[in-house]
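Worksheet: the structure to be examined is printed underneath.
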Amino acid sequence: MKQLILVCLIMVSVQLYGQDSTKVGTPIIVAKLYLGKSLNIDNVEVKFVKVLQDSRCPKGVTCIWAGEVIVLVDVFKEGKKFETQKITINSKIPLKSRFGNLFSSDDVTISALNVQPYPIYDKKINPEDYYIQLEIKR
Numbered sequence: 003m004k005q006l007i008l009v010c011l012i013m014v015s016v017q018l019y020g021q022d023s024t025k026v027g028t029p030i031i032v033a034k035l036y037l038g039k040s041l042n043i044d045n046v047e048v049k050f051v052k053v054l055q056d057s058r059c060p061k062g063v064t065c066i067w068a069g070e071v072i073v074l075v076d077v078f079k080e081g082k083k084f085e086t087q088k089i090t091i092n093s094k095i096p097l098k099s100r101f102g103n104l105f106s107s108d109d110v111t112i113s114a115l116n117v118q119p120y121p122i123y124d125k126k127i128n129p130e131d132y133y134i135q136l137e138i139k140r
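Right under this line is the structure:
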């Protein structure tokens, strides 16, 4: 009988202490912003205005230079134009420093991660297919 009580106590304590105590951070949201469209986050609006240049080396081709993509983005705060940013994304800059920080406040940070679609040899990209992947941290 004592052994049964001991086993029960051990099982209860294992269950109590076996709970996951991992702290979970704030989730990161990744959103797509298509060319000519706007995205509203709180009182901030981000608009993908234009692809200025896309010289990225297409898939299926061997290139000497990886190339880069340059886009123009307007940022509005509380309905008023805050700034226009030219963002350059290429493969030579490390990923963390490559993020184009579009807007940052105490409440939200919006960064450009990437521009898609990636060029493919012998396939033209329609302008309306371009989108920026945005990282939104609250």
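Quick note, the sequence shown lines up with residues 3 to 140 if you use the numbering used here. A virtual CB, placed ideally from N, CA and C, is assigned to each residue, including glycine. Just so it is clear, the structure is predicted and the values come from calculations on it, not from any experiment.
Residue j and residue i - do their beta-carbons sit closer together than 8 Å?
i: Asp-76; j: Val-51; result: yes
i: Ile-127; j: Gly-62; result: no
i: Gly-38; j: Ser-57; result: no
i: Asn-103; j: Ser-113; result: yes
i: Gln-135; j: Val-32; result: yes
i: Asp-44; j: Val-110; result: yes
Give the secondary structure of residue i by DSSP, where H, G and I count as helix, E and B as strand, and everything else as coil.
i: Arg-100; result: Interpretation of Arg-100 is limited by its pLDDT of 49, a score under 50 that renders its predicted location unreliable; no figure is taken from the coordinates.
i: Val-14; result: helix
i: Val-26; result: coil
i: Arg-56; result: It is worth fixing the name first, because residue 56 is Asp in this sequence and not Arg. The answer is strand: DSSP assigns Asp-56 an E or B state.
i: Leu-136; result: strand
i: Leu-35; result: strand
i: Ile-122; result: strand
i: Lys-4; result: helix
i: Glu-70; result: strand
Identify every residue that forms a DSSP beta bridge with residue i.
i: Gln-87; result: Val-75
i: Leu-115; result: Answer by DSSP bridge pairing: none, since Leu-115 is not bridged.
i: Asn-42; result: Glu-47
i: Ser-106; result: Thr-111
i: Lys-82; result: Lys-79
i: Asn-92; result: Glu-70
Quick one: using the 10 Å Cβ neighbour count with 16 as the cut-off for buried, is residue i buried or exposed?
i: Tyr-132; result: buried
i: Val-73; result: buried
i: Val-71; result: buried
i: Val-26; result: exposed
i: Leu-8; result: exposed
i: Ile-66; result: exposed
i: Leu-97; result: Here the model assigns Leu-97 a pLDDT of 49, short of 50, so the residue's position is not dependable, and the following value carries that caveat. Classification of Leu-97: exposed, given that the 10 Å Cβ count is below 16.
i: Leu-11; result: exposed
i: Leu-35; result: buried
i: Ile-138; result: buried
i: Ile-89; result: buried
i: Ile-91; result: buried
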